[in-house]
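Visitor: The following block contains the structure, expressed as structure tokens.
Numbering (the UniProt record's numbering), first residue to last: 1 to 159.
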């Protein structure tokens, strides 16, 4: 099984394999100081669907995931009191912001983080309406295709 290299200077769309025309997206509440809530939404050219994989400075092989919409000041995380609820939190040295991408072949990946542990993966619920961390399984809702959008040229996203 061939696993492509992940490029840290590229915007990616994280498209869900269980819901092929749906992608991981930031809920647009109309302001940059968003609550950081995420959703599974129709795929499109939206800045909340432009994701950068930033290598973790403290944990080689792990990444911090940020969006073009909210910038590098917010990173994909889970709530401290609920390891199953992902959201974009203020970026910091938190284990919930260190994501490991596990290759499933081609451009398909499973995502887990240090805080939630290796038994929980980024997923959608059965109806595809909600993003959550779910127990490991063969479910296609836990697999994400990383679709290259374009090279990152915006200032502030250098690694």
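Glycine residues also receive a C-beta, built at the ideal position from the N, C-alpha and C atoms.
Does the stretch 135-147 come within contact of the stretch 109-122, defined as at least 3 CB pairs closer than 8 Å?
Guide: Segments in contact, yes.
Visitor: If we ignore side chains and look at the alpha-carbon of each, how far apart do residue 63 and residue 52 end up?
Guide: To locate residue 63, count along the chain shown from 1; it is residue 63. To locate residue 52, count along the chain shown from 1; it is residue 52. The straight-line gap from Cα to Cα measures roughly 9 Å.
Visitor: Our contact map puts residue 128 next to residue 44 with C-beta atoms below 8 Å; I'd like the distance itself, whole angstroms only.
Guide: Here residue 128 is taken as the residue at index 128 of the chain shown, counted from 1. Here residue 44 is taken as the residue at index 44 of the chain shown, counted from 1. Not a contact, Cβ separation roughly 16 Å.
Visitor: Note down the Cα distance separating residue 5 from residue 102, rounded to an integer number of angstroms.
Guide: As a working note, residue 5 is residue 5 in the chain shown. As a working note, residue 102 is residue 102 in the chain shown. When rounded, the distance between both Cα atoms is 12 Å.
Visitor: Which two residues bound the contiguous beta strand (DSSP E) that contains residue 94?
Guide: Locating residue 94 in the chain shown gives position 94, counting from the first residue. Careful: residue 94 lies outside any beta strand (DSSP E) and carries neither H nor E.
Visitor: Mark residue 153 as exposed unless 16 or more other C-beta atoms lie within 10 angstroms of its C-beta, in which case mark it buried.
Guide: Taking the first residue of the chain shown as position 1, residue 153 is located at position 153. Residue 153 should be labelled exposed.
Visitor: Measuring only the C-alpha atoms, how far is residue 2 from residue 105?
Guide: One-based indexing of the chain shown puts residue 2 at position 2. One-based indexing of the chain shown puts residue 105 at position 105. Here the model assigns residue 2 a pLDDT of 49, short of 50, so the residue's position is not dependable and the matter cannot be decided.
Visitor: Taking the alpha-carbon of residue 49 as reference, which of 57, 22, 34, 30 has the nearest alpha-carbon?
Guide: Taking the first residue of the chain shown as position 1, residue 49 is located at position 49. Among 57, 22, 34, 30, the Cα nearest to that of residue 49 belongs to 22.
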